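**Q**
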Amino acid sequence: MSKMNDDFKYKYETFGAYVMFPYGNEEKYINHKFYNSIEEVNVGAFPMLPGSTKLITEHLDKIINQSNIEAKSKRIALDEYDDYAKFKLENVMVVNVKDKNHLDSYLKNKFYHIPIKRLSNVRLGVEYLAFYQSKKSFGDDSGIKYYAKINNVYKYSREECVEIPTRRDNKKEIYLRFELDDIKEISPIKPIQSGTQLVSYTTLYLLLNAENMHELKLNSNLEIEVYKILKNLAEENNWSIRKEYNKYLMNNNTVDIIENKRIRVNGKIINLKGLKKELLG
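The opening position of the sequence shown corresponds to residue 0 in numbering that gives the first Met the number 0, with each subsequent residue numbered one higher.
1) With a threshold of 8 Å on Cβ separation, who are the neighbours of Leu274 within its own chain once the five nearest residues in sequence on each side are excluded?
2) Cα-Cα, which of Thr201, Val161, Asn211 and Asn259 is closest to Ser141?
3) If Asn150 and Glu126 are in contact, beta carbons under 8 Å, what's the gap, nearest whole angstrom?
4) Here's the rule I'm using: 16 or more other beta-carbon atoms within 10 Å means buried, otherwise exposed. How should Pro164 be labelled?
5) How far does the beta strand (DSSP E) with Val225 in it extend, from its first residue to its last?
6) At a cut of 8 Å, does the region 197 to 207 reach the region 89 to 100 through at least three beta carbon pairs?
7) Is Asp255 helix, strand or coil by DSSP?
8) Over the uninterrupted beta strand (DSSP E) stretch that includes Tyr247, give me the two end residues.
9) Taking 9 Å as the cut-off, decide whether the C-beta atoms of Val152 and Arg176 are in contact.
10) Which value, in whole angstroms, describes the spacing of the CA atoms of Asn237 and Leu54?
11) Do Asn208 and Asn259 come within 9 Å of each other at the CB atom, strictly closer than that value?
12) Given a cut-off of 9 Å, decide if Phe137 and Asp98 are closer than it, judged by their beta-carbon atoms.
13) Are the beta-carbon atoms of Ile256 and Leu215 separated by less than 9 Å?
14) Apart from the five residues on each side of it in sequence, which residues of its chain come closer than 7 Å, Cβ to Cβ, to Phe33?
15) Could you tell me how far apart the beta carbons of Tyr131 and Ile113 are, in whole angstroms, since I believe they sit closer than 8 Å?
16) For Asp82, count neighbouring Cβ atoms within 10 angstroms of its own Cβ and tell me buried if that reaches 16, exposed if not.
17) Does DSSP classify Thr56 as helix, strand or coil?
18) When the distance is taken between beta carbons, is Tyr146 closer than 9 Å to Lys281?
19) Does the Cβ-Cβ distance between Leu278 and Asn252 come in under 9 Å?
20) Please name the residue in Leu221, Lys148 and Tyr174 whose C-alpha comes closest to that of Glu159.
21) By Cβ distance below 7 Å, which residues in the same chain neighbour His101 in space, the five residues on each side in sequence not counted?
22) Excluding the five sequence neighbours on either side, which residues of its own chain have a C-beta within less than 6 Å of the C-beta of Glu222, listed in chain order?
23) Expressed to the nearest angstrom, what Euclidean distance is found between the alpha-carbon atoms of Lys107 and Asn245?
24) Where do the N-terminal and C-terminal ends of the beta strand (DSSP E) with Glu178 fall, by residue?
25) Suppose the cutoff is 8 Å on Cβ atoms and the five residues either side in sequence are ignored; what does the same chain contact list for His213 look like?
26) On the CB-based measure, 16 or more other CB atoms within 10 Å of its CB, does Ala16 come out buried or exposed?
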């Protein structure tokens, strides 16, 4: 296996492989290239003797507790298209559902509609629609739980909708209607901050693997690694994470990723290994 020049990419795909060998000095071994390669390519070696199992124990605990996206980011990228499909091919439209009555009707009748004044055009290449349930309208049942493939999109007047009662004042209003394929349920994607806009976009890969709304906007394998560190620090220290204009704000620190290749903390360029130390001061 050999590392390619581009960000976090290698020549073929694997999930991970570890060799365990008899050696007792774990503190000295953490600087060895076979241990450091585990973080880079998920292939390497662990020392193993009775009473010297801290490194392998910590690694297994990290694997067990990582999210789907974190786990899959450890897979070696197969080719350029693999990353494009994961992070750039935003073919899923995430829509904000008004309330439970509307959601029930959408799920039962396999459709969604929205006033055309709020969404004049559907973005080119959109193939799927996902329903976002806000905290305000759904309480503990908030987040994203359902999505479907879009079969057809067309305009109609609000009074033509027979599934949801029409108000007097909006009968003639023009809507965009999305006819959907079978609606599928996914593991809930938890809301963060104020949720989503009326309409936002993500990739199918991120939709099917995200655990929270932040993860729907990850742009690269490097950002996954950065976000994993931020999330762990936030949980350990009871900090909050906010994302604004592709920057993460946490504990008076600003973290952003430049061209999906370099990490910047409060204006200073650092590497991934130094991120945690920099954030802890």
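For glycine and all other residues, C-beta sits at the position ideal for the given N, C-alpha and C.
Predicted, not measured: the structure shown is a model, and the values here were computed from it.
**A** The structure says:
1) Val225, Ile228, Val254, Ile262 and Val264
2) Asn211
3) Asn150 to Glu126, Cβ: 10 Å. No contact.
4) exposed
5) First-last for Val225: Asn220 to Asn236, but that is the alpha helix (DSSP H), not the beta strand (DSSP E).
6) yes
7) strand
8) Lys246 to Met249
9) yes
10) 25 Å
11) no
12) yes
13) no
14) Gly43 and Ala44
15) In fact, because the Cβ distance is near 13 Å, the residues do not count as touching under 8 Å.
16) buried
17) helix
18) This structure cannot settle anything about residue 281, because the visible part of the chain is limited to 0 through 280.
19) yes
20) Tyr174
21) Ile163
22) Ile256
23) 36 Å
24) Ile173 to Leu179
25) Ile191, Tyr226, Ile240 and Lys242
26) exposed
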